[in-house]
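Note sheet for the following structure.
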Amino acid sequence: MQADTDTRSLRLLVVEDEAIIAMLVEDALTMAGHLVVGVAESASEALAIAARETIDLALCDVRLAENDSGLTVARELSARGVPCLYVSGNCPSAADHPLIIGCVGKPFATAALSRAVEAAYRIATGARDVEVPKSMQVFARE
Amino acid sequence: MSEVERERPPTYPVDDAAATLDLSRRYLALAAEAADRLLAATDPARMVDELFALVRAELRLDVFFNYRHDGGLLRLEAYAGLTEQQAHDGAELRLGEAVCGCAALERRRIHAKGVQRSDSPQLAFVRSIGLDCYACTPLLDGERLLGTLGFGRRDSPCFTAEELQLLHTLCHYVALAKLRLRHEEELRCNIAERDRLLAELNHRVRNNLQMAVGVVRNELRGVEPVPPALTTVAERLELIALAHRPLYQADGASLAVDAVEILHGAVELTTGGDGRVEAAERVMIPIEQAVAFSLLVHALLDRRDGAGARVAVARGAATLEARITVAAEPAAAPPLDRLASSLLRQLNASLYEEAGAIHLRFPLAHAG
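This is the structure in structure tokens:
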């Protein structure tokens, strides 16, 4: 399976502290034609990877290892211009930065994950009327 | 300690009945006002401050001490009329120490009179702060000691019986109010603890279902040809996980989930996002039927080219009906495997073909 025709292969960062779920996410996105440039299980790892890699979109769990918060990670990454999509069992209802696009609720359908990522990237790059999977919530944007 | 006496019943001078009646009315009004405030109080220390402010002028009070019983000690929780040093000196009492320690230990009210003339060591502290009379009441919940509340005066050697009666009544109200606040705090803590536990369970269940999917999908990684059985297992695990997802958002009153949301998962898996679920409104389904329903729809779509599949779902009075059509050809019910047959039986469902569509109908559990 290749990435959607109107979305190039994306460079993605996965911020997830459960190794098996991180693998599942990585495999689903790789199979869809994207490149996972790093998997981080804590805020410091995520920011370190973001400092050395070009990232098109970060997928952030909300609860991370070492009592870190994915909300903080998303806030830091978005402030550096990296669009973020939460993947969490406890989706926030809003975000305080326009580059934090939305949330995919856990458990998620792996087939829908790549479409959610591609939709989030299109929204982040200014596309309008983007169709999103049912399992994805898009935060209100001003 | 002759100055420290047990409380006696109030006595009224017979030659001043009108004044006594007036006093009683004023005291009654004070007690009513105090009860009113204590019923609405939300802070245990501040409520005693406010009570003292309410009664100090009428009763010519100079100080109060409110001790909280904590681990066998009395700790000063609120006070008035003391310097910081005096409050520091009396910040902690052992049971049996000083007037309030004795009142707490013996679970009895104590009225210390003529304090300045006394050399009793138990009165040393109240004497040192200039009091001449002091009344301390243990705050009790049955036999359980909550603390003590004491009031003192510098300019007279004793309280009258009426004054003592009012002070004891107020202390009784304070004990009840403190008990209420303590119960409310315990209740809040219990609810917060339960909420934390529930949130953790919720998180763990979601993650574990997702991890189960991950474990199976990991076995599929790089395997050629892909074992169809393992693919089916992964998909069914995903469906089970997805069918439970709406439950986490359900209100506690009903364990029902939205069948439309569940169907989106089944259609997503079999059509790769090319299918559609149609419903005029939310169709709630008991959680115990949700997984079976989801797996059954998946089984009905799984053995065909699911592209363009549509599942229309509607609720009757006590039944749920799903109408399945596919774009490629008129839909016909496929031969059912063992799992699908079992699910059909579990749901007590009927399955038939009509006008190029598959119809699935089953009674909703608990629908009456």
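Going down the list, the protein sequences come from chains A and B.
The first sequence finishes on residue 142 if you use this note's numbering, and the numbering steps up by one all the way, no holes.
The second sequence finishes on residue 1368 if you use this note's numbering, and the numbering steps up by one all the way, no holes.
By construction, the Cβ of each residue, glycine as well, lies at the ideal position given by its N, Cα and C atoms.
Query raised in the report: With which residues is F1151 (chain B) paired in a DSSP beta bridge?
Result: The residue you call residue 1151 (chain B) lines up with position 151 of the second sequence. Among the bridge pairs identified by DSSP, F1151 (chain B) is matched with B:F1064 and B:A1135.
Query raised in the report: Going by the beta-carbon positions, is the gap between F1065 (chain B) and G1150 (chain B) smaller than 8 Å?
Result: For the purposes of this step, residue 1065 (chain B) is taken as the residue at position 65 of the second sequence. For the purposes of this step, residue 1150 (chain B) is taken as the residue at position 150 of the second sequence. A contact, by the Cβ cut-off of 8 Å.
Query raised in the report: In three-state DSSP terms, what is L64 (chain A)?
Result: Here residue 64 (chain A) refers to the residue found at position 64 when the first sequence is read from its first residue. Note: L64 (chain A) maps to coil in three-state DSSP.
Query - Backbone CA spacing between A1017 (chain B) and D1132 (chain B) [nearest angstrom] - result: Here residue 1017 (chain B) corresponds to residue number 17 of the second sequence, with the count starting at 1. Here residue 1132 (chain B) corresponds to residue number 132 of the second sequence, with the count starting at 1. Inter-residue distance for A1017 (chain B) and D1132 (chain B) is about 28 Å (C-alpha atoms, whole angstroms).
Requested in this report: Please state whether DSSP places T110 (chain A) in a helix, a strand or coil.
Outcome: Here residue 110 (chain A) corresponds to residue number 110 of the first sequence, with the count starting at 1. In the structure shown, T110 (chain A) sits in a helix (DSSP, three-state: H, G or I).
Query raised in the report: Quick one: what does DSSP say F1125 (chain B) is sitting in, helix, strand or coil?
Result: For the purposes of this step, residue 1125 (chain B) is identified with residue 125 of the second sequence, where counting begins at 1. Three-state result, F1125 (chain B): helix.
Query raised in the report: How many angstroms separate the CA atom of M23 (chain A) from the CA atom of S88 (chain A)?
Result: Position 23 of the first sequence, counting from 1, holds the residue named residue 23 (chain A). Position 88 of the first sequence, counting from 1, holds the residue named residue 88 (chain A). Looking at the two C-alpha atoms, the distance is approximately 15 Å.
Report task. For the segment 33-53 of chain A, enumerate the residues whose C-beta is nearer than 9 Å to any C-beta of chain B, in chain order. Result -> For the segment 33-53 of chain A, the beta-carbon criterion of a distance under 9 Å to any beta-carbon of chain B is satisfied by none of its residues.
Query raised in the report: Taking the alpha-carbon positions, what's the A1279 (chain B) to R1046 (chain B) distance?
Result: Taking the second sequence and counting its residues from 1, one reaches residue 1279 (chain B) at position 279. Taking the second sequence and counting its residues from 1, one reaches residue 1046 (chain B) at position 46. Counting only the Cα atoms, R1046 (chain B) lies some 57 Å from A1279 (chain B).
Report task. Count the C-beta pairs between the segment 82-99 of chain A and the segment 109-128 of chain A that are closer than 8 Å, then say yes if the count reaches three, no if not. Result -> With a cut-off of 8 Å, the segment 109-128 of chain A and the segment 82-99 of chain A count as touching, because enough Cβ pairs lie within range.
**Report entry** Neighbour list for N67 (chain A) in chain B, Cβ cutoff strictly below 9 Å
**Finding:** As a working mapping, residue 67 (chain A) is identified with position 67 in the first sequence. By Cβ distance, chain B contributes nothing, its closest Cβ being about 14 Å from N67 (chain A), past 9 Å.
Query - chain B within 8 Å of R122 (chain A), Cβ atoms only - result: Residue numbering aside, residue 122 (chain A) sits at position 122 when the first sequence is read from its first letter. Answer no: the Cβ-Cβ gap between R122 (chain A) and chain B never drops below 8 Å.
Report task. Can you grab the Cα-Cα spacing for the pair L1179 (chain B) / L1093 (chain B), in whole Å? Result -> As a working note, residue 1179 (chain B) is residue 179 in the second sequence. As a working note, residue 1093 (chain B) is residue 93 in the second sequence. One C-alpha to the other measures close to 21 Å.
Query raised in the report: Can the beta-carbon of I123 (chain A) be found less than 8 Å from the beta-carbon of V104 (chain A)?
Result: Locating residue 123 (chain A) in the first sequence gives position 123, where the first residue counts as 1. Locating residue 104 (chain A) in the first sequence gives position 104, where the first residue counts as 1. Not closer than 8 Å, so no.
Query raised in the report: Between R1153 (chain B) and D1062 (chain B), is the Cβ-Cβ spacing less than 8 Å?
Result: Along the second sequence, read from residue 1 onward, the residue named residue 1153 (chain B) stands at position 153. Along the second sequence, read from residue 1 onward, the residue named residue 1062 (chain B) stands at position 62. Going by C-beta atoms, R1153 (chain B) is nearer than 8 Å to D1062 (chain B).
Query raised in the report: Taking 8 Å as the CB-CB limit, is D4 (chain A) close to chain B?
Result: Residue numbering aside, residue 4 (chain A) sits at position 4 when the first sequence is read from its first letter. Because the pLDDT at D4 (chain A) is just 48, under 50, the model does not fix this residue reliably, and the value given afterwards should be weighed accordingly. Using beta-carbon distances, D4 (chain A) does not count as an interface residue toward chain B, since no partner is under 8 Å.
Query raised in the report: Buried or exposed: where does P1227 (chain B) fall if 16 or more other Cβ atoms within 10 Å of its Cβ makes it buried?
Result: As a first step, residue 1227 (chain B) must be located in the second sequence, where it is residue number 227. Residue environment analysis places P1227 (chain B) among the exposed positions, since fewer than 16 neighbouring C-beta atoms fall within 10 angstroms of its C-beta.
Report task. For my contact list, L64 (chain A) and D17 (chain A) are in at a C-beta cut-off of 8 Å; report their separation, rounded to the angstrom. Result -> The sequence position of residue 64 (chain A) within the first sequence is 64, counting from 1. The sequence position of residue 17 (chain A) within the first sequence is 17, counting from 1. Yes, L64 (chain A) and D17 (chain A) are in contact; Cβ-Cβ is about 5 Å, under 8 Å.
Query raised in the report: If we count Cβ pairs, one from each stretch, closer than 8 Å, do we get three or more for the segment 1098-1109 of chain B versus the segment 1121-1140 of chain B?
Result: Counting Cβ pairs under 8 Å, three or more are found: they touch.
Report task. Give me the Cβ distance between P1157 (chain B) and A1104 (chain B), rounded to the nearest whole Å; I'm assuming they're in contact under 8 Å. Result -> Position 157 of the second sequence, counted from the start, is the residue given in the question as residue 1157 (chain B). Position 104 of the second sequence, counted from the start, is the residue given in the question as residue 1104 (chain B). Incorrect: roughly 24 Å between the Cβ atoms, too far for contact.
Requested in this report: Report whether the distance from the Cβ of A51 (chain A) to the nearest heavy atom of the ligand SAM is below 7 Å.
Outcome: With respect to small molecules bound, the structure shown includes none, and the ligand SAM cannot be examined in it.
Query raised in the report: Whole-angstrom Cβ separation of H1298 (chain B) and L1269 (chain B), contact assumed at under 8 Å?
Result: In the second sequence, counting from the first residue as 1, residue 1298 (chain B) sits at position 298. In the second sequence, counting from the first residue as 1, residue 1269 (chain B) sits at position 269. Yes, H1298 (chain B) and L1269 (chain B) are in contact; Cβ-Cβ is about 6 Å, under 8 Å.
**Report entry** Secondary structure of M1 (chain A), DSSP reduced to three states
**Finding:** Within the first sequence, residue 1 (chain A) is the residue found at index 1, counting from 1. Bear in mind that a pLDDT of 42 at M1 (chain A), under 50, signals an unreliable position, so the model cannot answer this.
Query - Nearest-angstrom beta carbon gap, A1259 (chain B) and I1285 (chain B) [assumed within contact, 8 Å] - result: By 1-based counting over the second sequence, the position of residue 1285 (chain B) is 285. By 1-based counting over the second sequence, the position of residue 1259 (chain B) is 259. Going by Cβ atoms, the distance from I1285 (chain B) to A1259 (chain B) rounds to 4 Å, so yes, they are a contact pair.
Requested in this report: Tell whether a beta-carbon distance below 8 Å holds between Q1210 (chain B) and A1241 (chain B).
Outcome: By one-based count along the second sequence, residue 1210 (chain B) stands at place 210. By one-based count along the second sequence, residue 1241 (chain B) stands at place 241. A1241 (chain B) sits close to Q1210 (chain B), with the two beta carbons spaced by under 8 Å.
Requested in this report: Give the range of the alpha helix (DSSP H) segment to which A1017 (chain B) is assigned.
Outcome: On the second sequence, position 17 is the one that residue 1017 (chain B) refers to. A1017 to A1040 is the extent of the alpha helix (DSSP H) around A1017 (chain B).
Query raised in the report: A1241 (chain B) touches chain A at which residues, Cβ-Cβ below 9 Å?
Result: Residue 1241 (chain B) sits at position 241 when you count from the first residue of the second sequence. Correct list: K106, P107, F108 and A109.
Query raised in the report: Between E26 (chain A) and A1309 (chain B), what straight-line distance do the alpha-carbon atoms span, to the nearest angstrom?
Result: Here residue 26 (chain A) corresponds to residue number 26 of the first sequence, with the count starting at 1. Here residue 1309 (chain B) corresponds to residue number 309 of the second sequence, with the count starting at 1. Rounded to whole angstroms, the gap between the alpha carbons of E26 (chain A) and A1309 (chain B) is 29 Å.
Query raised in the report: Can V217 (chain A) and L59 (chain A) be called in contact, C-beta distance under 8 Å?
Result: The question about residue 217 (chain A) has no answer, for chain A in this structure spans 1 to 142.
Query raised in the report: Quick one: Cα of V1216 (chain B) to Cα of E1238 (chain B), how far?
Result: Residue mapping note: residue 1216 (chain B) aligns to position 216 of the second sequence, counting from 1. Residue mapping note: residue 1238 (chain B) aligns to position 238 of the second sequence, counting from 1. Here the alpha carbon of V1216 (chain B) sits roughly 10 Å from the alpha carbon of E1238 (chain B).
Report task. From the DSSP output, in three-state form, read off H34 (chain A) for me. Result -> As a working mapping, residue 34 (chain A) is identified with position 34 in the first sequence. Three-state result, H34 (chain A): coil.
Requested in this report: Please list the segments of the beta strand (DSSP E) lying wholly inside the segment 1041-1096 of chain B, counting only runs of 3 or more residues, in order along the chain.
Outcome: For the segment 1041-1096 of chain B, whole beta strand (DSSP E) runs of length 3 or above, ordered along the chain, are 1063-1070, 1073-1080 and 1092-1094.
Query raised in the report: Can you name, in chain order, every residue of its own chain whose Cβ lies under 6 Å from the Cβ of L1343 (chain B), other than the five neighbours on each side?
Result: Indexing the second sequence from 1 puts residue 1343 (chain B) at position 343. Excluding sequence positions up to five before and after L1343 (chain B), its CB lies within less than 6 Å of the CB of A1292, L1295 and L1296, all in the same chain and listed in chain order.
Query - Expected contact under 8 Å - CB spacing of L1164 (chain B) and H1111 (chain B) to nearest Å - result: If you number the second sequence from 1, residue 1164 (chain B) lands on position 164. If you number the second sequence from 1, residue 1111 (chain B) lands on position 111. About 6 Å separates the two Cβ atoms, so the contact holds.
Query - the segment 1203-1233 of chain B: positions lying closer than 7 Å to chain A by Cβ - result: Answer set for the segment 1203-1233 of chain B: H1203, R1206, N1207, L1209, Q1210, M1211, V1213, G1214, V1215, R1217, N1218 and R1221.
Query raised in the report: Taking only beta-carbon atoms, is L113 (chain A) less than 8 Å away from chain C?
Result: In summary, chain C is missing from the structure at hand, where the protein chains are A and B.
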